[in-house]
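Reviewing the structure listed below.
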Amino acid sequence: MARRVAVHPKIEVVWEHECMEAFGREDGTLAGIHIRNRHTGEESDLPVGGLFFAIGHAPATAFLGGQLELDSAGYIVTTPDSTATSVPGVFAAGDVMDRKWRQAVTSAGAGCIAAIEAQHFLQSNQDGADTSFIGQTDLNAAWVAQMQQEAQERQASGDKAAPAAPVPTSA
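Residue 96 is where the sequence shown starts when you use the numbering used here, and the numbers rise one by one after that.
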């Protein structure tokens, strides 16, 4: 994208400046931006007809340290039409695996798909993965019921330390 922008005849790249604010016309359309030079502090107005915010184009995958398969640009490789990665039970979503769109809405959709695929993976225990950890962080239903009963009894006895309502279950 940077190369396309640099050679586009209708785009002027203004280096070493930051956008301080955008301003508009009386009809509500964008008129320009107020910019400041990061080195000199000089400020000026730049008339513009459009504004696009970009928060980065390089996938943040360096922390993976070779644990997942990455492509030559550093994106996580996923199975076609899936968020499954090279490691069974690990799913990727968003800008770390989306080379094409890189938009918040597509990242959110991929996150939903990854969550559903992870749930299906855990339920089916595919590839013989160790899922013995599942449920260890969930509250035991009998314990929750006991805590609710004790809270209700404390409330009924006027115990001021009792919670205002029974402890909700995570079901």
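Note that beta-carbon positions come from the ideal geometry of N, C-alpha and C, so glycine has one too.
Next on the checklist: Here's the rule I'm using: 16 or more other beta-carbon atoms within 10 Å means buried, otherwise exposed. How should V191 be labelled?
Outcome noted: With 16 or more other Cβ atoms within 10 Å, it is buried.
Checklist entry - Taking the C-alpha atoms as reference points, what is the distance between R99 and K105? => result As the crow flies, the alpha-carbon of R99 is around 11 angstroms from that of K105.
Next on the checklist: Can you tell me whether A213 is helix, strand or coil according to DSSP?
Outcome noted: Shown here, A213 sits in a helix according to DSSP, grouped into three states.
Item to check | Residue interval of the beta strand (DSSP E) (run including A126) | outcome: That run of the beta strand (DSSP E) goes 125-132.
Checklist entry - What is the rounded straight-line gap between the Cα of A117 and the Cα of Q247? => result Answer to the nearest angstrom: the Cα atoms are 56 angstroms apart.
Checklist entry - Should F158 be labelled buried (16 or more other beta-carbon atoms within 10 Å of its own) or exposed? => result Under this definition F158 is an exposed residue.
Checklist entry - Can you tell which of G184, H152, T174 has its C-alpha closest to the C-alpha of A199? => result Nearest option by C-alpha distance: H152.
Item to check | Beta-ladder partner(s) of E116, from DSSP | outcome: When beta bridges are read from the DSSP output, E116 appears opposite H129.
Next on the checklist: Assuming the contact rule is C-beta atoms closer than 8 angstroms, T178 and A168 should be a hit. Round their C-beta distance to whole Å, please.
Outcome noted: That belief does not hold up - the Cβ atoms of T178 and A168 are roughly 18 angstroms apart, past 8 angstroms.
Next on the checklist: Rounded to the nearest angstrom, what separates D166 and H103 at their Cα positions?
Outcome noted: Approximately 28 angstroms, taken between the alpha carbons.
Next on the checklist: Rounding to the nearest angstrom, what Cα-Cα distance links S219 and D122 in this structure?
Outcome noted: Their Cα atoms are separated by approximately 57 angstroms.
Checklist entry - When the Cα atoms are used, what is the spatial distance from T173 to G160? => result One C-alpha to the other measures close to 17 angstroms.
Checklist entry - V182 and Q162 look like a contact to me (Cβ under 8 angstroms); what is the Cβ gap, rounded to whole Å? => result About 7 angstroms; that satisfies the 8 angstroms criterion.
Item to check | Identity of the residue in A126, A210, L141 nearest G184 by Cα | outcome: With distances taken between Cα atoms, G184 lies closest to A210.
Next on the checklist: Using a Cβ-Cβ cutoff of less than 7 angstroms, which residues in the same chain neighbour E113 once the five nearest sequence positions on both sides are dropped?
Outcome noted: Answer for E113: I130, R131, R133, listed in chain order.
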